[in-house]
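In this text, residue positions in the sequence shown follow the numbering used here: the first is 1, and each later residue adds one.
Below is one structure, written out as structure tokens; the observations come after it.
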Amino acid sequence: MKVQTGQGTIPLITLVGIFSISALNALPGLAVSPILGDLNKIFPSATDLEIQMLSSLPSLLIIPFILLSGKLTEKVNNLLLLQIGLALFGASGILYLLSDKMWQLIAVSAMLGMGSGLIVPLSTGLISRYFVGSYRTKQFGYSSAITNITLVLATTLTGYLAEVNWHLPFLVYLFPFVSVFLTRYLKKDLSGYHSSDDIPAETVREMGKRGINVKALVKLMAFYGLATYLVIIISFNLPFLMEEYGLSSGRAGILISLFFLAIMAPGFVLNKIVQVLGRRIYMVCLLMIACGMGIILLSRSEILIALGCILNGLSYGIIQPLIYDKTSDVAVPHKVMLALAFVMAMNYVAILLCPFIVDAFQNLFHSHSQTFAFWLNLMVALMGMFIVMKQEKLSL
1 MKVQTGQGTI
11 PLITLVGIFS
21 ISALNALPGL
31 AVSPILGDLN
41 KIFPSATDLE
51 IQMLSSLPSL
61 LIIPFILLSG
71 KLTEKVNNLL
81 LLQIGLALFG
91 ASGILYLLSD
101 KMWQLIAVSA
111 MLGMGSGLIV
121 PLSTGLISRY
131 FVGSYRTKQF
141 GYSSAITNIT
151 LVLATTLTGY
161 LAEVNWHLPF
171 LVYLFPFVSV
181 FLTRYLKKDL
191 SGYHSSDDIP
201 AETVREMGKR
211 GINVKALVKL
221 MAFYGLATYL
231 VIIISFNLPF
241 LMEEYGLSSG
251 RAGILISLFF
261 LAIMAPGFVL
271 NKIVQVLGRR
281 IYMVCLLMIA
291 CGMGIILLSR
301 SEILIALGCI
311 LNGLSYGIIQ
321 PLIYDKTSDV
331 AVPHKVMLAL
341 AFVMAMNYVA
351 ILLCPFIVDA
361 FQNLFHSHSQ
371 TFAFWLNLMV
381 ALMGMFIVMK
391 QEKLSL
């Protein structure tokens, strides 16, 4: 079976290989989450710093290795780079299963961050290499949907496995070996097959000497970072908010799963959404985020809080693949993966900075309420929406 790319066709198995790499983006950190509460029992001598390092080190190392990978794609055979990243990722899964000391787990977490960082820009860059136009937009939507459904399913799986044995959640990190097998169906050399001679002179002038429209790229990075910061507060703070409301904080896990499922949904109909909303799409997404935050703040009903989570998820599910799609247009072909690396790094930067930003503003306004983070993000979303409205020539 062949899949249309807008510039020919590729075998379905090749697309499956690309999507398997996209699914891996959801995995780093998942295996540690269900055992965090038990680590003090498993390792009685472990310090709080060691536990924090175990959970945060992969995300910290992913950022520089995303940027490194983006730069290396210009000079290194992309298939080789992908296979190195997958090998590190998969090897970390094996070593996690064999580790029985905290320092070993921390060291393996560093390896996981490195391997994951190397494959992140390639997971989206491969789509931009193979697909063009509306075909590319469609596949970015599918890729985003697959990443988020993997997140939900893997979270559920690791939770069950953790109840059996604390080592078992790390089995999910063996999935990269499936992708290693599927890479045989990708082109043998994914690097540099777009020579500069094939690039129209007008495009070269528009992108400048760097081969990237820096102004447009910075806009995309800022918008993606903002969107991630706005919605990730649900994952971080919803359990505490529900506890303050007098609701079951245990139900927060279900609502957070609904949030991630909602992120998945728009990916399947992304082209239709773009056609309907047109240039208003970013304004509408920010409005949906603001409305979702408002519903969560003003309601004490789990059903309405779920609606607020879904609105936030739907908006982010539109923004994420569209940002990747637009990033593919702000660089000459052989620089696209580097541009994607900068944009995708903002996702992890926003996730890391979110708690510090909220804490800083809480201290500034002397607030200790769990509602503060949601009020703050509601205001920021509205401000962002008005800025987007005023920029008539916004070209995200």
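In this text, a Cβ means the ideal position worked out from N, Cα and C, and glycines have one as well.
From a predicted model like this one, the values you see are computed outputs, not experimental measurements.
Could you have a look at residue i and say whether DSSP puts it in helix, strand or coil?
i	result
Val-330	coil
Val-284	helix
Pro-28	coil
Asn-363	helix
Ser-395	At Ser-395 the pLDDT is 45, less than 50, meaning the model places this residue with poor confidence and gives no usable figure here.
Lys-188	Caution applies to Lys-188, whose pLDDT of 46 falls short of 50 and renders its modelled position unreliable; the value that the coordinates give is listed next. The answer is coil: DSSP assigns Lys-188 none of H, G, I, E or B.
Gly-246	coil
Gln-139	helix
Ser-69	helix
Asn-148	helix
Trp-375	helix
Asp-325	helix
Asn-165	coil
Thr-47	coil
Given a cut-off of 9 Å on the beta-carbon distance, is the pair residue i and residue j in contact?
i	j	result
Phe-342	Met-242	no
Gly-73	Leu-81	Here the sequence assigns Thr to residue 73, which means Gly is not the residue at that position. Closer than 9 Å, so yes.
Ala-350	Ala-339	no
Leu-118	Ile-13	no
Leu-30	Thr-155	yes
Tyr-96	Leu-112	yes
Ile-149	Leu-261	yes
Met-283	Asn-312	no
Gly-115	Ala-91	yes
Pro-34	Leu-161	yes
Pro-176	Val-32	no
Val-120	Asn-25	yes
What residues are listed by DSSP as bridge partners for residue i?
i	result
Ile-10	Val-3
Ile-42	Ile-42 pairs with nothing; no bridge assigned.
Ile-303	None, per the DSSP bridge assignment.
Ile-212	Ala-331
What number of angstroms, rounded off, separates the C-alpha of residue i from the C-alpha of residue j?
i	j	result
Phe-89	Asp-325	26 Å
Ile-318	Ser-257	17 Å
Lys-188	Gln-370	Confidence in Lys-188 is poor, its pLDDT being 46 and thus under 50, which makes the residue's placement too unreliable to answer from.
Ala-373	Val-274	30 Å
Tyr-173	Leu-151	13 Å
Ile-387	Asn-347	21 Å
Ala-345	Phe-240	28 Å
Pro-58	Leu-287	33 Å
His-194	Asn-40	Note that His-194 scores a pLDDT of 46, beneath 50, so its modelled location is shaky; the value from the coordinates is reported in the next line. If you take the alpha carbons of His-194 and Asn-40, they lie about 52 Å apart.
Ile-212	Met-383	28 Å
Leu-378	Ile-263	19 Å
Asn-165	Val-336	43 Å
Arg-279	Asp-48	48 Å
Ile-305	Ile-357	23 Å
Decide if the region 121-134 is in contact with the region 243-261; the criterion is three or more beta carbon pairs, one per stretch, under 8 Å apart. no
Do three or more CB pairs link the region 137-150 to the region 14-33 at distances below 8 Å? yes
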